[in-house]
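Before any comments, here is the structure.
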Amino acid sequence: MSEDSPIRLRFAPSPTGALHIGGARTALYNWLAARHGGGELVLRIEDTDRERSTEKNVAQILDAMEWLGLDWDVGPVSQASRAGHHAEALQRLLDSGAAYHDSATAKDVEAWKAEHGAGRGYRGEPVEDAGAAVRLRVPDEGETVVQDLIRGPVRFPNRSYDDFVIARGDGSVLYNFAVAVDDAEMGITEVVRGDDHLSNTPKQLLVLAALGHEPPHYAHLPLLHGPDGKKLSKRHGAASVQELREAGYLPAAVRNYLALLGWGTDDDTTVMPTEELVVRFRVEDVGRSAAIFDEKKLRWLNGRFMREMSLEDYTAAVARHLGRDPDERLRAACAIAQEKAQTLAGVWDLIRFLFEPPVEDEKAWDKVMKDGAPAALEAAHAALEGLSTFDPQAVEAALSPIPDRIGAKPGKVYQPIRVAITGTSVSPGIFESLAALGREESLSRIDAALARLRS
RNA sequence: GCCGCGAUCGUCUAGGGGACUAGGACCCCGGAUUCUCAGUCCGGAAACCGGGGUUCGAAUCCCCGUAGCGGUACCA
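Add 6 to the 1-based position in the first sequence for our numbering, that's all there is to it.
The structure is reproduced here in structure tokens:
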């Protein structure tokens, strides 16, 4: 990718304002390419569709982009602000005869094809009616070739394309015309976008040629699918960046995972900080086949990133996610949970017992609170009661002789304690958990469990 | 229908004519971690879509087929 290449990024705001994962990956690839080549990023929010492109939707998408850590230098560019340029380009095409007014309806086109054969693109007859839609003349012979950075040359026979509509009867222009004009006039040299645009590219090339402009370089990314092989959508769980954020994923992990969806390193490196992604990523190395979004791998990757954070950063991230203050208490809780949690949201499951009463998990209780439990809890209570210092070492020293003494396996002693103080059968290390909870609260929860066992 | 795109373990991928007995990662399974596991470590199972070519030799190049995906709007 050449120096200082403006790389175009377009977004059609979804009706819900969600930044979809496929769009996020496209944005990331653009961003990485721009960073790598020292280029400029042009973010453009499509807004010819007024119903979908509310200010709120646009703001939500920009917010998600910011969370993901993708900054842009220019944008968003509104369609309305370009209307004058579009009208001017349209008039030039009309004047030169490259485009013409045609009043044919969809039914007329269908009838024309029934007559001329399905493989032939529609060719209309110019009419003297300024209120009719405008179509671009497409040659009958030859082919239009898309030089794609990822796929090489892709050839499309001109004959199979309709004289497509570039402006409606009311004069407003259509997407394939608008973007071609904008790419040319705004100096866009690199267009990195989804595969679903590949078949539309010849239309844009035709517009560019009719206008006498050089086309930009194109790279069409493979699409992203859900686990069922269909286009990724809300049905597949987290389908938007906003949902990923709520689920407690780290931006750096999401960037790493998304980068790997369609691209891989030749030395099998999987876990990469963003800086490494920037130097290693090349658009031309992107794969050619569709990928399926698999949240399980993202979870694993996220856990890796979480474990590598400093306790300060970790606590800050958890605090932000939970909407709590990053105080000493939270910091201590994070210290014992960091090696286990895979998501920010998962941290809470491990530490909530430090902030709230034990959760009620009947399955865990029934599984653990059996025959030997009362004896174990009583012994633990007695051992803990006399402790003057209550740190993990002291707690361990006090508890570790118990299994031998009462003739039970270690698990039969520790699991009842775990369930007594947390309510669940999974938690951070038992000694650390007790120490973090403190002596009084630990003792009173053990008492409460004992009382319940006896009733 | 027409035009186009790709096809390697369940998933993400490495692979560019011999280094392939096809490598890595997730998931899954087994073991370990004289406390849990959703953490960590070790081990295991698991793939070249099918058929023809080209070649001494094909996962790799070519053709056909197959199922899949995308486009085909006075949508973006």
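Beta carbons: idealized from backbone N, C-alpha and C, even for Gly.
Which full runs of the alpha helix (DSSP H) of 4+ residues lie inside the stretch 73-148, going along the chain? DSSP assignment within the stretch 73-148 yields the following whole alpha helix (DSSP H) runs of 4 residues or more, N-terminal first: 89-102, 112-122.
Run the CB neighbour count on THR207, radius 10 Å, all protein chains shown included, and call it buried at 16 or more, exposed below. Classification for THR207: buried.
Could you please give the first and the last residue of the uninterrupted beta strand (DSSP E) stretch that includes ALA296? No beta strand (DSSP E) holds ALA296; DSSP gives it neither H nor E.
Where VAL277 falls, given that 16 or more other Cβ within 10 Å makes a residue buried: Here VAL277 is exposed, its C-beta having fewer than 16 other C-beta atoms within 10 Å.
I'd like the list of long-range same chain contacts for PHE443, defined as Cβ closer than 8 Å, with 5 residues on each side in sequence excluded. Checking the displayed sequence, the identity of residue 443 turns out to be Leu instead of Phe. Closer than 8 Å at Cβ, skipping near neighbours: PHE359, LEU360, ILE427, ARG451.
Compute the distance between the beta-carbons of ASP188 and ARG88, then report whether it is under 9 Å. Going by beta carbons, ASP188 and ARG88 fall inside the 9 Å limit.
When you compare the CB positions of ARG41 and ARG14, do they come within less than 9 Å of one another, or not? It is not a contact, given that the beta carbons lie outside the stated cut-off.
Check each candidate in PRO279, LEU390, LEU350, ALA341 and name the one with the smallest Cα separation from GLU249. Minimum Cα distance to GLU249 is reached at LEU350.
In this structure, how does DSSP classify GLY29 when only helix, strand and coil are distinguished? Helix, per DSSP.
Could you pull out every residue in the same chain whose Cβ sits closer than 8 Å to the Cβ of ALA466, ignoring the five residues on either side in sequence? Since the first residue shown for the chain is 7 and the last is 461, residue 466 is missing from the structure and cannot be characterised.
In chain order, which alpha helix (DSSP H) runs of at least 4 residues are fully inside the stretch 220-277? Complete alpha helix (DSSP H) runs here, min 4: 247-252, 257-265.
Beta-carbon proximity of SER109 to ALA138, cut-off 9 Å: Yes; because the gap between Cβ atoms is below 9 Å, this pair is in contact.
Opposing strand residues paired with GLU196 [DSSP bridges]: The partner list for GLU196 (beta bridge, DSSP) reads ILE13, HIS223.
Could you pull the DSSP bridge partners for ALA173 from this structure? Its beta-bridge partners are VAL140, VAL179.
Are the beta-carbon atoms belonging to VAL198 and ASN36 less than 9 Å from one another? Yes; because the gap between Cβ atoms is below 9 Å, this pair is in contact.
What residue from GLU438, GLY417, LEU68, LEU256 has the CA that sits closest to ILE342's CA? Distance check between ILE342 and each of GLU438, GLY417, LEU68, LEU256 places GLU438 closest, using alpha-carbon atoms only.
When the distance is taken between beta carbons, is GLY232 closer than 9 Å to ALA245? Yes, Cβ-Cβ distance for ALA245 and GLY232 is below 9 Å.
Does the distance from the CB of VAL171 to the CB of VAL140 come in under 9 Å? At the C-beta level, VAL171 and VAL140 come within 9 Å of one another.
Please go through the same chain and pick out, in chain order, the residues whose beta-carbon is closer than 6 Å to the beta-carbon of SER8, but skip the five residues on each side of it. Note that SER8 scores a pLDDT of 49, beneath 50, so its modelled location is shaky and nothing firm can be said.
Could you give the distance in angstroms between the alpha-carbon of GLY417 and the alpha-carbon of LYS369? So the two alpha carbons sit approximately 17 Å from each other.
Our contact map puts ALA225 next to LEU267 with C-beta atoms below 8 Å; I'd like the distance itself, whole angstroms only. ALA225 to LEU267, Cβ: 15 Å. No contact.
Alpha carbon to alpha carbon, how far is VAL64 from ALA18? Approximately 9 Å, taken between the alpha carbons.
Pull up the DSSP beta-bridge partners for GLU345, would you. According to DSSP, residue pairing for GLU345 in a beta bridge does not occur.
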